[in-house]
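Engineer: Here you go, one structure.
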Amino acid sequence: MRNERTSEEVALGIRRRVFEHAIRNNGGYLSQACSAGEQLAWLYNEELKMGEPTLPPVPKPFGGVPSADNPGYHTGAGYNGPAAPDYDRLFIAPAHYALVAYATLIEVGRMAPEGLEMFNKDGSSVEMIGAEHSPGMEVHNGTLGIGLSTAAGLAWGRSRRGEAGRTWVFMSDGEVQEGQTWEAVQACAHHGIDNLYAIMDVNAQQCDGAMDTVMEVGDIRQKFLTFGAACVEIDGHDLDAMRQAVREPHEGRPLIILAHTNPFHTMSILEERFPRLHYVRFKSEDERARMNASIARDLGVDPVDYVH
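Under this note's numbering, think of the first position of the sequence shown as 10, with each following residue one higher.
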């Protein structure tokens, strides 16, 4: 399944959709759309080999947890297509990027726009913090630092079965503050797991503010290399850099792409909120109106009509 639009167009569409949602709903994960737009557009629009969705365009309500009494339970991975041996699998490790991930699914035609209207509503599977039943999600990862190790286990199993499909992880840099991330890389190096790929949104932000104010992490690339991964640093808004980075040789090692990004890229007014950018809820109607006008101008669209 391939979108006829360019990945640049998809990235812009993601940001416009998240912007509209945030203005209408008095808040949203705007900075994640700023930093991750190109990465998710590139993955879904170009890089990932996925089949047609196996779930309906408009997401079903929450169907309960898996159990013997709930045989119809399913994860949200069906929006990424079937889990066939030759197809790639994707884990969204930072579940708070869910709004941006849903917008991506819509922009590439895997989910209906109506799905976003169900966002964070009681009884909906379109969760604010994506869970295993949410569109595009297969497991619930946090951000708790478990995304890379979850994917590593799957990748190892797939390689032992001789499956050609790759296992991908979309990560955020806050995860390098979690020890399990480094255990996963070390295990991959030990077992020679090289069908595991990750792209990390390195925007230097986390829920409590700037990364360095919570815990300094130093030279992330050197750490990944030391723990046994192949690691490439790029400009995370440069699609050509992503296309080149994925070609990095990494036999016997996982490949980690560090995509350095700007958390107010294309929405310059968000710099006013720096460093508290995790979830932008407007402090007043005046601020909401100013952000509406400013971001609309940056994104080349009309300001959003909303009920005051």
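Backbone N, C-alpha and C fix where the C-beta goes; we use that ideal spot for every residue, glycine too. Just so we're clear, the structure is a prediction, and the values are computed from it rather than from any experiment.
Who are Y206's beta bridge partners in DSSP?
Structural biologist: W177 and L264
Engineer: Count the other CB atoms within 10 Å of the CB of E123; is the residue buried (16 or more) or exposed (fewer)?
Structural biologist: The residue in question, E123, is exposed, as its Cβ has fewer than 16 Cβ neighbours within 10 Å.
Engineer: Got a sec? Which residues, its chain only, sit under 7 Å from G261 by beta carbon, not counting five neighbours each side?
Structural biologist: Result list for G261: G201 and D203, in chain order.
Engineer: Does the Cβ-Cβ distance between N212 and V117 come in under 8 Å?
Structural biologist: no
Engineer: Going by the DSSP bridge assignment, what does Q214 pair with across the sheet?
Structural biologist: A219
Engineer: Give the single residue among V255, G132 and P284 whose Cα lies nearest to the Cα of G218.
Structural biologist: P284
Engineer: Taking contact to mean at least 3 C-beta pairs separated by less than 8 Å, is the stretch 32-47 in contact with the stretch 74-94?
Structural biologist: no
Engineer: Cutting at 6 Å between CB atoms, please list the residues of its own chain near Y206, excluding the five before and the five after it.
Structural biologist: If we look at Y206 and ignore the five residues flanking it on each side, its Cβ neighbours are R175, W177 and L264.
Engineer: Would you say the beta carbon of A250 comes nearer than 7 Å to a heavy atom of the ligand NAP?
Structural biologist: In terms of ligand content, the structure shown is empty, and the ligand NAP therefore cannot be addressed.
Engineer: Rounding to the nearest angstrom, what Cα-Cα distance links R26 and A112 in this structure?
Structural biologist: 6 Å
Engineer: Examine the Cβ distances between the stretch 153-169 and the stretch 44-60 and report whether three or more of them are shorter than 8 Å.
Structural biologist: no
Engineer: Distance check for H142 and F71, CA to CA, integer angstroms please.
Structural biologist: 7 Å
Engineer: Are the stretch 284-293 and the stretch 229-242 touching, with three or more C-beta to C-beta distances below 8 Å?
Structural biologist: no
Engineer: Using 8 Å as the cut-off, can you tell me whether the stretch 301-312 makes contact with the stretch 82-98, which would need three or more C-beta pairs spanning the two stretches below that distance?
Structural biologist: no
Engineer: For S277 and S303, I'd like the C-alpha separation in whole angstroms.
Structural biologist: Annotation: S277 to S303 spans about 8 Å, alpha carbon to alpha carbon.
Engineer: Would you please state the rounded distance, in angstroms, between the beta carbons of M220 and G183? I believe it to be under 8 Å.
Structural biologist: 7 Å
Engineer: Among the residues of its own chain, which have a CB less than 7 Å from the CB of E242, if the five just before and after it don't count?
Structural biologist: R230, L267 and H269
Engineer: Could you check what DSSP says for F233 in three-state terms: helix, strand or coil?
Structural biologist: Three-state DSSP puts F233 in a helix.
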